[in-house]
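Read top to bottom, the protein sequences are chains V and E. Using this note's numbering, count along the first sequence one by one with no gaps and you end on 239. Using this note's numbering, count along the second sequence one by one with no gaps and you end on 239.
Number of protein chains: 2
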Amino acid sequence: MKKKPPVALEPSSLKKLADYLGVSPATVSVVLRDVPGRSIPQATRDRIKAAAKKLNYQPSLLARALRNRRTSTIGVLVPELGDGYHTQMMSGVGNQLMNAGYFYFTAHHRHRKNLIEEYSQMLLGRGAEALIAIDSALEHSFPVPVVAIAGHRPIEGVTNVLLNHRRAAELTLTHLYSLGHRNIAFMRGQSFSSDSDERWRNLVQVAREMGISVKSDLIVQLNLDMQSPELGYPVVGFL
Amino acid sequence: MKKKPPVALEPSSLKKLADYLGVSPATVSVVLRDVPGRSIPQATRDRIKAAAKKLNYQPSLLARALRNRRTSTIGVLVPELGDGYHTQMMSGVGNQLMNAGYFYFTAHHRHRKNLIEEYSQMLLGRGAEALIAIDSALEHSFPVPVVAIAGHRPIEGVTNVLLNHRRAAELTLTHLYSLGHRNIAFMRGQSFSSDSDERWRNLVQVAREMGISVKSDLIVQLNLDMQSPELGYPVVGFL
DNA sequence: TTGAAAGCGCTAACAT
DNA sequence: ATGTTAGCGCTTTCAA
Numbered sequence: 001m002k003k004k005p006p007v008a009l010e011p012s013s014l015k016k017l018a019d020y021l022g023v024s025p026a027t028v029s030v031v032l033r034d035v036p037g038r039s040i041p042q043a044t045r046d047r048i049k050a051a052a053k054k055l056n057y058q059p060s061l062l063a064r065a066l067r068n069r070r071t072s073t074i075g076v077l078v079p080e081l082g083d084g085y086h087t088q089m090m091s092g093v094g095n096q097l098m099n100a101g102y103f104y105f106t107a108h109h110r111h112r113k114n115l116i117e118e119y120s121q122m123l124l125g126r127g128a129e130a131l132i133a134i135d136s137a138l139e140h141s142f143p144v145p146v147v148a149i150a151g152h153r154p155i156e157g158v159t160n161v162l163l164n165h166r167r168a169a170e171l172t173l174t175h176l177y178s179l180g181h182r183n184i185a186f187m188r189g190q191s192f193s194s195d196s197d198e199r200w201r202n203l204v205q206v207a208r209e210m211g212i213s214v215k216s217d218l219i220v221q222l223n224l225d226m227q228s229p230e231l232g233y234p235v236v237g238f239l
Numbered sequence: 001m002k003k004k005p006p007v008a009l010e011p012s013s014l015k016k017l018a019d020y021l022g023v024s025p026a027t028v029s030v031v032l033r034d035v036p037g038r039s040i041p042q043a044t045r046d047r048i049k050a051a052a053k054k055l056n057y058q059p060s061l062l063a064r065a066l067r068n069r070r071t072s073t074i075g076v077l078v079p080e081l082g083d084g085y086h087t088q089m090m091s092g093v094g095n096q097l098m099n100a101g102y103f104y105f106t107a108h109h110r111h112r113k114n115l116i117e118e119y120s121q122m123l124l125g126r127g128a129e130a131l132i133a134i135d136s137a138l139e140h141s142f143p144v145p146v147v148a149i150a151g152h153r154p155i156e157g158v159t160n161v162l163l164n165h166r167r168a169a170e171l172t173l174t175h176l177y178s179l180g181h182r183n184i185a186f187m188r189g190q191s192f193s194s195d196s197d198e199r200w201r202n203l204v205q206v207a208r209e210m211g212i213s214v215k216s217d218l219i220v221q222l223n224l225d226m227q228s229p230e231l232g233y234p235v236v237g238f239l
């Protein structure tokens with residue numbers, strides 16, 4: 001079995017390719033994109049495709065985007081990159097995006113207000129046609145479609161995807177209760193994460209309804225600004 | 001205190017701005033970028049900057065990139081998005097990149113060979129000026145600088161950043177040994193991750209040197225294709 | 001001190 | 001069946 005040799009050719013441009021072949025750029029463009037409605041002899045088509053492969057032609061998506069006014073790029077705002085929570089959302093988001101033929105720029109802002117603003121502008125400037133903001137405190141609407149996940153507050157024109165914290169509370173507490181537990185400890189999430197308050201409110205509410213008492217000495221507040229499981233070490237006594 | 005009203009203006013172009021002001025695009029461009037060497041009256045400068053702010057002008061980084069042949073964009077290849085390991089690297093990478101004024105595209109390939117190839121090409125086509133490949137099985141060199149982290153094999157022109165598995169093994173085993181442990185169990189990483197073999201080799205080697213016996217009934221192999229801590233549940237008996 | 005013009009790489013409309 | 005042209009939004013000579 002012969003090994004494929006390492007490939008590392010200079011990227012050539014459409015025009016060079018056309019010159020090389022003695023045809024017009026338009027023809028090359030049309031052939032390479034399989035645009036219907038233009039009749040071009042199969043021979044020419046083959047010649048062009050072969051040359052493209054041979055010269056390792058890669059269309060400049062940059063130029064194409066400029067010309068088409070379409071970047072096929074989405075901007076993703078996320079508080080942090082290294083954690084398992086937000087990043088797992090990104091994973092799903094990324095999957096769908098790539099399947100749909102989109103690229104995405106990511107920017108993380110660590111919940112810093114000015115960075116949220118700055119980066120969202122940057123993403124737009126860089127050609128993002130829409131924004132997906134995960135747990136990010138957006139402050140105004142945008143000239144492009146925006147979907148917020150766990151958005152901090154409702155914003156005109158921003159679709160906000162929310163967890164059903166009520167249902168979550170019911171599930172958790174019912175589960176523990178059915179196991180026979182009555183002394184339940186609560187870890188409250190960090191205040192900078194938008195879900196924390198809602199989650200807590202619902203937990204307390206559902207607990208009351210179920211007759212589970214929330215004892216103040218069994219409530220601990222997570223404060224560390226980190227996302228790994230270590231976050232919980234101090235309060236559960238590992239440290 | 002007055003609330004800032006939501007902002008959502010149409011992005012205007014350099015040319016429109018120039019027309020609006022009755023100056024040439026060149027002048028606007030120069031002023032907005034603070035290009036030295038062109039003497040322009042302060043009054044004009046102020047007028048231009050004010051108008052830019054007022055009309056919410058955002059330069060098209062796309063057009064700029066095309067013109068300058070410089071995208072300030074790096075492509076990042078990663079196996080998976082939702083895990084804590086690779087993503088923590090991405091976090092560091094992302095930080096530095098953003099600090100340095102770079103954007104980055106991310107693509108994840110789940111260790112699928114064809115996707116690795118496809119996406120690296122896409123990233124280049126999209127304007128990436130360099131690639132960072134994390135635990136990705138690259139197969140050839142590239143016309144741009146590439147840094148691999150935990151690269152699967154050495155490739156001409158690709159800088160490979162490797163963990164010192166030997167040292168890691170020494171640290172781990174010494175630690176356990178000093179705690180008095182002699183019966184040590186080993187979990188071998190999934191085979192598709194490039195570090196696994198090296199890590200294992202060194203562990204065995206160091207264990208032998210330290211006189212720690214590696215008992216075959218204390219070796220378990222992780223096989224699940226997932227990255228969360230659940231990965232280890234089966235083998236440690238949680239399930 | 002400022003403007004006009006060319007051109008980055010591409011595609012769509014309009015010739016031929 | 002194919003080529004020519006204009007222009008996406010910007011920057012950079014070169015002129016004025």
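Every residue, glycine too, gets a C-beta built ideally from N, C-alpha and C.
Contact belief for residue i with residue j at Cβ below 8 Å, rounded distance in angstroms
i	j	result
residue 190(E)	residue 196(E)	6 Å
residue 207(V)	residue 173(V)	6 Å
residue 273(V)	residue 152(V)	Chain V is shown only over 1 to 239; residue 273(V) falls outside these bounds and no answer can be derived.
residue 28(E)	residue 18(E)	5 Å
Cross-chain neighbours of residue i in chain V, by beta carbon under 7 Å
i	result
residue 87(E)	81, 82 and 87
residue 240(E)	Because residue 240(E) is not part of the residues shown, which for chain E are 1 to 239, the question remains open.
Residues that residue i contacts on chain E, provided the C-beta gap is smaller than 9 Å
i	result
residue 59(V)	125
residue 159(V)	In chain order: nothing, as chain E lies at least about 15 Å away.
residue 281(V)	Outside the displayed range of chain V (1 to 239) lies residue 281(V), so it cannot be described from this structure.
Partners in chain V for residue i, counting only beta-carbon separations shorter than 8 Å
i	result
residue 71(E)	62
residue 52(E)	Result: empty, since nearest Cβ-Cβ is about 13 Å, beyond 8 Å.
DSSP beta-bridge partners of residue i
i	result
residue 107(V)	77(V)
residue 148(E)	133(E) and 160(E)
Extent of the continuous alpha helix (DSSP H) run through residue i
i	result
residue 155(V)	First-last for residue 155(V): undefined, no H or E at that position.
residue 219(E)	Where residue 219(E) is concerned, there is no enclosing alpha helix (DSSP H), although the beta strand (DSSP E) it sits in stretches over 219 to 221.
residue 59(E)	From DSSP, residue 59(E) is part of no alpha helix (DSSP H); its letter is neither H nor E.
residue 235(V)	233 to 236
residue 125(V)	113 to 125
residue 197(E)	195 to 210
residue 170(E)	165 to 178
residue 93(E)	86 to 99
residue 28(V)	25 to 32
residue 20(E)	14 to 21
Where residue i meets chain E, residues with beta-carbon distance less than 8 Å
i	result
residue 29(V)	Chain E residues near residue 29(V): none, gap ~15 Å exceeds 8 Å.
residue 190(V)	By Cβ distance, chain E contributes nothing, its closest Cβ being about 17 Å from residue 190(V), past 8 Å.
residue 251(V)	Here chain V comprises residues numbered 1 to 239, so residue 251(V) is not present and cannot be evaluated.
Extent of the continuous beta strand (DSSP E) run through residue i
i	result
residue 188(V)	186 to 188
Interface partners of residue i on chain E, CB under 7 Å
i	result
residue 103(V)	105 and 126
residue 98(V)	107
Interface partners of residue i on chain V, CB under 9 Å
i	result
residue 90(E)	81, 82, 87 and 106
Check: residue i C-beta below 6 Å from any heavy atom of the ligand FMN
i	result
residue 164(V)	The ligand FMN is not part of the structure shown, which contains no ligands of any sort.
Do the stretch 45 to 53 of chain E and the stretch 108 to 117 of chain E meet, that is, are 3 or more Cβ pairs less than 8 Å apart? no
Would you call the stretch 98 to 108 of chain V and the stretch 116 to 126 of chain V touching, i.e. three or more CB-CB distances under 8 Å? yes
For the stretch 73 to 83 of chain V against the stretch 133 to 141 of chain V, do three or more pairs of beta-carbon atoms, one drawn from each stretch, fall closer than 8 Å, so that the two count as touching? yes
Segment contact, 8 Å Cβ cut-off, at least three pairs: the stretch 144 to 161 of chain V with the stretch 174 to 183 of chain V: no
Would you check if there are 3 or more beta carbon pairs closer than 8 Å linking the stretch 217 to 226 of chain E to the stretch 165 to 182 of chain E? no
So does the stretch 155 to 165 of chain V actually touch the stretch 89 to 101 of chain E, counting three or more Cβ pairs closer than 8 Å? no
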